[in-house]
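According to our numbering, numbering within the sequence shown proceeds without interruption in unit steps and concludes at 487.
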Amino acid sequence: MTTAEDRAEAVALDAEDALSPFRLRFFLPQDRHGHAAIYFAGHSLGPQPFAARGAMEEALDEWAELGVAGWSDRKASWVTADATPAARSARLVGAHPSEVAVGGTLTGNLHTLLASFYRPTAARHAVLMEARPFPSDRYAVASHIDLHGYDARRSIVEAPSAAAGSASLDALLETLEREAHRLALVLVGAVNYLTGESFDPAPIVRTAHAHGVPVGVDAAHAVGNVPLSLHDAGVDFAAWCGYKYLNGGPGAPAGLFVHERHHLDEALPRLAGWWGHRLDDRFRMPPAFEPEAGAAGWQVSTPSVLALAPLSASLGLFEEAGLDAVRSKSVALTGYIERLVDRVLGDRVEIVTPRDPGSRGAQLSLRVRADLDTVFPRLVAADVVCDRREPDILRVAPAALFNTFDEGRRFVDRLAAAIG
Ligand SMILES: Cc1ncc(COP(=O)(O)O)c(C=O)c1O
Numbered sequence: 068m069t070t071a072e073d074r075a076e077a078v079a080l081d082a083e084d085a086l087s088p089f090r091l092r093f094f095l096p097q098d099r100h101g102h103a104a105i106y107f108a109g110h111s112l113g114p115q116p117f118a119a120r121g122a123m124e125e126a127l128d129e130w131a132e133l134g135v136a137g138w139s140d141r142k143a144s145w146v147t148a149d150a151t152p153a154a155r156s157a158r159l160v161g162a163h164p165s166e167v168a169v170g171g172t173l174t175g176n177l178h179t180l181l182a183s184f185y186r187p188t189a190a191r192h193a194v195l196m197e198a199r200p201f202p203s204d205r206y207a208v209a210s211h212i213d214l215h216g217y218d219a220r221r222s223i224v225e226a227p228s229a230a231a232g233s234a235s236l237d238a239l240l241e242t243l244e245r246e247a248h249r250l251a252l253v254l255v256g257a258v259n260y261l262t263g264e265s266f267d268p269a270p271i272v273r274t275a276h277a278h279g280v281p282v283g284v285d286a287a288h289a290v291g292n293v294p295l296s297l298h299d300a301g302v303d304f305a306a307w308c309g310y311k312y313l314n315g316g317p318g319a320p321a322g323l324f325v326h327e328r329h330h331l332d333e334a335l336p337r338l339a340g341w342w343g344h345r346l347d348d349r350f351r352m353p354p355a356f357e358p359e360a361g362a363a364g365w366q367v368s369t370p371s372v373l374a375l376a377p378l379s380a381s382l383g384l385f386e387e388a389g390l391d392a393v394r395s396k397s398v399a400l401t402g403y404i405e406r407l408v409d410r411v412l413g414d415r416v417e418i419v420t421p422r423d424p425g426s427r428g429a430q431l432s433l434r435v436r437a438d439l440d441t442v443f444p445r446l447v448a449a450d451v452v453c454d455r456r457e458p459d460i461l462r463v464a465p466a467a468l469f470n471t472f473d474e475g476r477r478f479v480d481r482l483a484a485a486i487g
């Protein structure tokens, strides 16, 4: 168990934390005593910012007052409701404003982008992914391989998993070099959902491009969590969701990125829809599709104005806090919990996430050397909100905007008690 000195240290760290006032701007799920539960599930669904509720109410009022006129009303300006969240998202992912669009869903956006960027030939139709990619990405990639008439069972190349605790970027790069002759695409999670390992896309892009292979990034677990430089890294396309670290609400609109080098490439096929048609001509509804400039030209459908409102408000919190401040607290908080896990839990738990703070975000994936069927319900009963992934991994994500150092300390005590 932790000690009185640990408690004093945690309290002091929280007192020094410049981001601590942000916690007071979230609804945090309560424990049975009416206090905030230890909410370490921001990697799955971020909690609700107060501002999200206000923005949602405003959007509902506009709908009630204006009805369909909301599309043409200058103040409500639903037609450009995605502009602010797109600009805010672009800053978070290190993109030019024209390279980001917000709307749709993550897997839906991946499908749209795969339609453009997965251009298989008889000689090169394989897709390289990191070890254990998120299943939805694998399903999406497999479906495109099948659509093109190839066999997904042979054409998805998964880089081998590295030993726990060591970065698998090297394994990915080695596989890329070895398999490049048959690759049509690399699709990699910027932070792997299971291990929490973050990948710097830049070396992957350099190696892949040297072999003429485009690179896509799933940034679901990275956006709002680790710094990204999608433009400078030269990533060809990316997609992410709005409901994890961005705290945009369940099923929040997703984001997509297309590097500007592709914006004017007419040889690139795309799945078209009227929302991707030129904005200045969209409501004239001509029969021929002409894409809006930039990433916006990859949108297909009317965005959910109601869902954009809370996302935009939540992104406003990141603007206020600054991603640098979020990241530096995140590194400190994750490192703090890691040290306590090592000391208090010893070999009852193995930390699967890389030890190097530069190779991970806010997540620690813990392999628990005890029966999780017993341990996990005990943690739930102790008001810890995290998740488990079969067979033996606990994912805990202390998020800088709303978690505290003392929650980290109490979490370690509750896990120790749950393991027994
Ligand atoms: C890495 C990753 N990719 C894809 C998805 C699927 O997202 P969606 O259901 O919003 O399409 C998730 C969902 O958790 C995810 O974590």
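Glycine included, C-beta positions come from ideal geometry on N, C-alpha and C.
For residue i and residue j, which I take to be in contact (beta-carbon distance under 8 Å), what is that distance rounded to the nearest angstrom?
i: VAL169; j: GLY343; result: No, VAL169 and GLY343 are not in contact; Cβ-Cβ is about 13 Å, not under 8 Å.
i: VAL411; j: ALA483; result: 6 Å
i: ALA306; j: ASP332; result: Actually they do not touch by this definition, with Cβ atoms about 19 Å apart.
i: LEU378; j: GLY315; result: 3 Å
i: ALA467; j: LEU86; result: 6 Å
i: VAL419; j: LEU433; result: 7 Å
i: LEU382; j: GLY263; result: Contact flag wrong, Cβ pair sits at about 23 Å.
Answer yes or no: do residue i and residue j have a C-beta to C-beta separation smaller than 8 Å?
i: ASP303; j: HIS326; result: yes
i: PRO320; j: GLY309; result: yes
i: CYS453; j: ALA182; result: no
i: ARG476; j: ASP73; result: yes
i: ALA251; j: ARG186; result: yes
i: ALA154; j: GLU166; result: no
i: PHE469; j: PHE117; result: no
i: ILE223; j: ALA238; result: no
i: ARG273; j: ALA190; result: no
i: GLU246; j: ALA193; result: yes
i: VAL435; j: LEU461; result: yes
i: ARG456; j: LEU261; result: yes
i: VAL442; j: ILE404; result: no
i: GLU241; j: MET196; result: no
i: LEU127; j: LEU373; result: yes
i: LYS396; j: LEU112; result: no
i: THR179; j: LEU338; result: yes
i: GLY413; j: SER368; result: no
i: SER265; j: ALA289; result: yes
Indicate the three-state DSSP secondary structure (helix, strand or coil) for residue i in the structure shown.
i: GLY232; result: Any reading at GLY232 must be qualified, since the residue scores a pLDDT of 49, below 50, and its modelled position is unreliable; the value itself is stated next. Correct three-state label for GLY232: coil.
i: ARG249; result: helix
i: GLY134; result: helix
i: VAL463; result: strand
i: ALA125; result: Sequence check: residue 125 is Glu here, not Ala. DSSP places GLU125 in helix when its eight states are reduced to three.
i: ALA82; result: helix
i: GLY283; result: strand
i: PHE385; result: helix
i: GLU333; result: coil
i: ALA226; result: coil
i: PHE469; result: coil
i: HIS344; result: strand
i: PRO294; result: coil
i: ARG90; result: helix
i: LEU254; result: strand
i: PRO96; result: coil
i: ALA103; result: strand
i: SER379; result: helix
i: ARG141; result: coil
What are the start and end residues of the beta strand (DSSP E) that includes residue i?
i: MET196; result: 193 to 196
i: PHE304; result: 304 to 307
i: ASP454; result: 454 to 456
i: LEU433; result: 431 to 435
i: ALA168; result: 167 to 169
i: PHE324; result: 322 to 325
Counting along the chain, where does the alpha helix (DSSP H) carrying residue i start and finish?
i: ALA399; result: 390 to 407
i: VAL479; result: 472 to 486
i: GLY175; result: 173 to 184
i: ALA300; result: 297 to 300
i: VAL208; result: 202 to 214
i: VAL442; result: 439 to 448
i: VAL160; result: 150 to 160
i: VAL367; result: Note, VAL367: premise wrong, no alpha helix (DSSP H); not H, not E.
i: VAL419; result: Looking at the DSSP string, VAL419 is not in any alpha helix (DSSP H), and its letter there is neither H nor E.
i: HIS288; result: Note, HIS288: premise wrong, no alpha helix (DSSP H); not H, not E.
Specify whether the stretch 281 to 298 and the stretch 244 to 261 touch according to this definition: at least 3 beta carbon pairs, one from each stretch, less than 8 Å apart.
-> yes
Given 8 Å, three or more beta-carbon pairs between the stretch 212 to 219 and the stretch 279 to 289 | no
Given 8 Å as the limit, is there contact between the stretch 124 to 136 and the stretch 352 to 361, that is, 3 or more CB pairs closer than that?
-> no
Cβ contact check for the stretch 423 to 438 and the stretch 75 to 87: 3 or more pairs under 8 Å | no
Three or more beta-carbon pairs under 8 Å between the stretch 136 to 144 and the stretch 400 to 408, yes or no?
-> no
Answer yes if the stretch 368 to 383 comes into contact with the stretch 111 to 126, meaning at least three C-beta pairs across the two stretches below 8 Å, and no otherwise.
-> yes
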